[in-house]
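Note sheet for the following structure.
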Amino acid sequence: MLGIVLTGAGIDVDLVSRGDEVLDVFRNNPPDLVLLDVMLPGLDGIEVCKLIRAESMVPIIMLTAKGDTQDVVRGLEAGADDYMVKPFRHPSELIARIRTRLRRTNVDIAGLLTIGDLAIDVQAHQVLRAGKQISLTRLEFDLLVALAKEPGRVFSRDALLSEVWGYRHSTDTRLVNVHVQRLRSKIEHDPESPEIVVTVRGVGYKAGVMGAS
């Protein structure tokens, strides 16, 4: 059913019904995005997500049953960029989420953004700190750029959900919290004492000391 909906929306789909078959299909025909159900026979979606993320930065959207809060958190921590709760109220919402993740963002930003000793080349989609390149997923990169391009602005979690995820209304802010933690684990010298992505208690997040090139 889901495949029919996506195909009808003009999205080419490779359907895989077993978790232990996903990686072979993924490697043989690398997709632009992975839509991954938590409940899969053979190997569950959380483990599949970890395996994909170990070798690719492709966008991943997890599908989880309503009320499975633990699965949501586990999926995000495993590397998923977003999640949708089943059953869907409107298939159009899922299609919108997919298109948001596939859309190339920040194409209008030229030059180099810096936060302290971290440099962001937006056009080349590269991040360097102390001369070392850091590999980020597309969503992690978009989150970092959203903060860096407006130095001094404190973003609420709802504002980041709108800016980075494209949500038109407030939703689960755990998305933001988990991705900030993942981003910090990659870009901060000490994620427990962040200098690049700083928490403003009771409000949200902002970029640290900012320079511009």
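Numbered by my numbering, the letters in the sequence shown go through residues 3 to 215 in order.
Note that beta-carbon positions come from the ideal geometry of N, C-alpha and C, so glycine has one too.
* Would you identify the three-state DSSP class for leucine 45, choosing helix, strand or coil? => For leucine 45, the secondary structure class from DSSP, reduced to helix, strand or coil, is coil.
**Message:** Using only the alpha-carbon positions, how far apart do glycine 47 and serine 58 sit?
**Reply:** In a straight line, the C-alpha of glycine 47 is about 16 Å away from that of serine 58.
(request) Since I believe alanine 150 is in contact with isoleucine 122 (beta carbons under 8 Å), could you give me their beta-carbon distance rounded to a whole number of angstroms? (result) About 6 Å; that satisfies the 8 Å criterion.
I need the boundaries of the beta strand (DSSP E) containing arginine 131, first residue and last residue. For arginine 131, the uninterrupted beta strand (DSSP E) run begins and ends at 128 to 131, by DSSP.
Provide the residue(s) that pair with alanine 80 in DSSP beta bridges, ordered along the chain. Listed as beta-bridge partners of alanine 80 by DSSP are no residues whatsoever.
Notebook entry, point to check: Under the rule that 16 or more other beta-carbon atoms within 10 Å means buried, what is methionine 41, buried or exposed?
Noted result: The residue in question, methionine 41, is exposed, as its Cβ has fewer than 16 Cβ neighbours within 10 Å.
Assuming valine 124 and leucine 130 make a contact with CB atoms under 8 Å, what is their CB distance in whole Å? With a Cβ gap of about 13 Å, valine 124 and leucine 130 do not count as contacting.
Item to check | Continuous beta strand (DSSP E) stretch holding leucine 115: start and end | outcome: Per DSSP, the continuous beta strand (DSSP E) segment holding leucine 115 begins and ends at 114 to 117.
- Task: Grab me the residues of tyrosine 169's own chain with a C-beta within less than 6 Å of its C-beta, minus the 5 sequence neighbours each way, in chain order.
- Result: Only Leu163 meet the Cβ criterion.
Cβ-based neighbour list, tyrosine 85, same chain, cut-off 8 Å, excluding 5 preceding and 5 following: The beta carbon of tyrosine 85 sits closer than 8 Å to those of Ile63, Met64, Leu65, Thr66, Val74, Gly77, Leu78 and Leu177, all from its chain and outside the five residues before and after it, given in chain order.
Between Ala98, Gly44, Arg101 and Thr71, which has its C-alpha nearest valine 87's C-alpha?
Of Ala98, Gly44, Arg101 and Thr71, the smallest CA-CA separation from valine 87 is found for Thr71.
Spatial distance of aspartate 14 from proline 33 (CA atoms): Annotation: aspartate 14 to proline 33 spans about 9 Å, alpha carbon to alpha carbon.
Just verifying my parser: in three-state terms, what is the DSSP assignment at isoleucine 122? Assigned with DSSP and collapsed to three states, isoleucine 122 falls in strand.
(Q) By DSSP's criteria, phenylalanine 157 is part of a beta bridge. Which residues make up the other side? (A) When beta bridges are read from the DSSP output, phenylalanine 157 appears opposite Tyr207.
Three-state secondary structure assigned by DSSP to threonine 139: Looking at threonine 139 - three-state DSSP - the assignment turns out to be coil, as it is neither helix nor strand.
* In the structure shown, what three-state DSSP assignment does valine 50 receive? -> It is helical.
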